[in-house]
Amino acid sequence: MMKKRHQLYSWQQGLLNGKFQIIHAMSSTTGVGGPISISPFQEAKFEDVISTWDVMSCSLVSYSKGEGRGALPTHLVIDVPYQNILGTHLSDAWFPNHAGKFMESPTGKLIYPYALVDCINSGKGVKGKLLGKPFNTLEYFKCFILMMEPEYYNEILIICKPDLFIVDGVPKTGRVKLKDIVYSIDDSSLKNTRGDIEDDVKVDIKTVKEIAIINQLHSVSFMFDYEKNLPFDYMYLKVYDEIRSVFGEPIYSSFTRRVTDNNHFANKLRTAPNLLYAYHPLGKNRDLAVFPVY
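See below:
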């Protein structure tokens, strides 16, 4: 238990400088395993919605270092009390977030009250996948970031309910809050199984605005990643125009209507206005546009 306490403290210290963020990744049209219905975050404030959940799957990323990635394009950047961190895993752990509920649905009736605890202790995940260790296994923060794989999203398990004592000598869990939204635009976010590329992105953009308004955010950010694309891709221009049609003109943008080679960010601001943390990793072919929320 002493080791676990020290591991949690290492995450508290590691997250203080703002270089790394914990995100919950989502899409308004597609889940990791297939189509989803309307997000609950479009109907109520984020922290109120998840305060009734048991555990939420998240990922660790660094926008300023260009490390880590989200499983889906919409990144809900969250403020997580360190004592709420349940487990840290370097790849998708297939955690059964809704174990014990009818049809394993987030809104399903609880049928087996101890199923989730049993899964946490046994490491038995979705569809019987075995993790090989308990889901509440922790890594020290510095070790974790050294082992992060750039091509895979990691899984950080967060306890959502406040006022729970989990580890001896550590404060009870607090409320998890939404502090920012980042929408990541790359190859994967411009494709879907139905072929209606633009429609999916349009729905996501409108959903981002709805969530931002409900949570009283002042701005949201859109990142354009060209590393996996040809130097010029007209789809980025169309997406950028769609964002402007929904949000208006940006507070800040490094994006121009020219070939993406000219958008390389090495010579641009490393921290955008009104943001608490940097988005511009040197040497990365990415651009950033920050839009106001009205």
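First residue of the sequence shown? That's 585 in my numbering, and the numbers climb one at a time after it. Heads up, the beta-carbon is just placed ideally off N, CA and C, and yes, glycines get one too.
Reduced DSSP secondary structure (H/G/I, E/B, other) of residue i
i	result
S829	helix
D676	coil
S838	coil
C744	coil
L853	Note that L853 scores a pLDDT of 48, beneath 50, so its modelled location is shaky; the value from the coordinates is reported in the next line. If DSSP states are grouped into helix, strand and coil, L853 belongs with coil.
F719	coil
R653	coil
L700	helix
H802	coil
D764	strand
F875	strand
I795	helix
L694	strand
L660	strand
S646	strand
R589	helix
S594	helix
G671	strand
N601	coil
V751	coil
M732	coil
D788	helix
D638	coil
R870	strand
K685	strand
K708	strand
D809	strand
8 Å CB neighbourhood of residue i in its chain, flanking five on each side removed
i	result
R589	V751, D752, G753, V754
G654	I607, A609, S643, V645, Y737, S768
L600	none
K587	none
Cut-off 6 Å between Cβ atoms - residues of its own chain near residue i, not counting five sequence neighbours on either side
i	result
M585	D752
E723	T672
G758	P665, P746
W595	Y666, I669, F725
V616	With a pLDDT of 46 at V616, under the threshold of 50, the modelled position of that residue is not reliable, and the figure given next carries that caveat. Counting only Cβ-Cβ distances below 6 Å, and skipping sequence neighbours, we find A655.
G598	F725
L801	V877
Closest Cα partner of residue i within the set the options
i	options	result
C744	V633, P624, V877	V633
G692	V701, N681, D702	N681
P718	I704, T757, I662, F728	I704
E631	V760, T613, H659	V760
A677	D783, A628, Y824, G712	G712
I742	Y878, R870, V664, Y824	V664
F806	K790, F875, L599	F875
L661	A683, A796, K763	A small fix is needed here, since residue 661 is Val in this sequence, not Leu. Answer by Cα proximity: K763.
V823	I798, H802, I797, K790	K790
I798	A683, Q626, C727	Q626
S803	D783, M732, E833	E833
K786	L801, Q800, M819	M819
L592	M732, M640, D784, F728	F728
D770	E733, P657, L801	P657
M732	G652, K587, L821, L801	G652
Beta-carbon spacing of residue i, residue j below 8 Å
i	j	result
E739	S675	yes
D638	L700	yes
K793	V877	yes
I765	I795	yes
S612	D788	yes
Nonlocal neighbours in the same chain, by C-beta distance under 7 Å from residue i, ignoring five residues either side
i	result
S635	C744, K745, P746, R759
V830	I789, K790, K793
L748	K756, T757
A683	A699, L700, C703
K629	I798, N799
P624	V633
G618	Interpretation of G618 is limited by its pLDDT of 46, a score under 50 that renders its predicted location unreliable; the figure taken from the coordinates is listed afterwards. Correct list: empty, nothing qualifies.
Interface flag, residue i vs chain B, CB-CB below 8 Å
i	result
N681	This model lacks chain B altogether, as it is built from one protein chain only.
Three or more C-beta pairs below 8 Å linking the stretch 630 to 649 and the stretch 603 to 611: Verdict: yes, contact present.
Stretch pair the stretch 715 to 735 + the stretch 654 to 674: three plus CB contacts closer than 8 Å: Contact between the stretch 715 to 735 and the stretch 654 to 674 is present, because at least three Cβ pairs lie under 8 Å.
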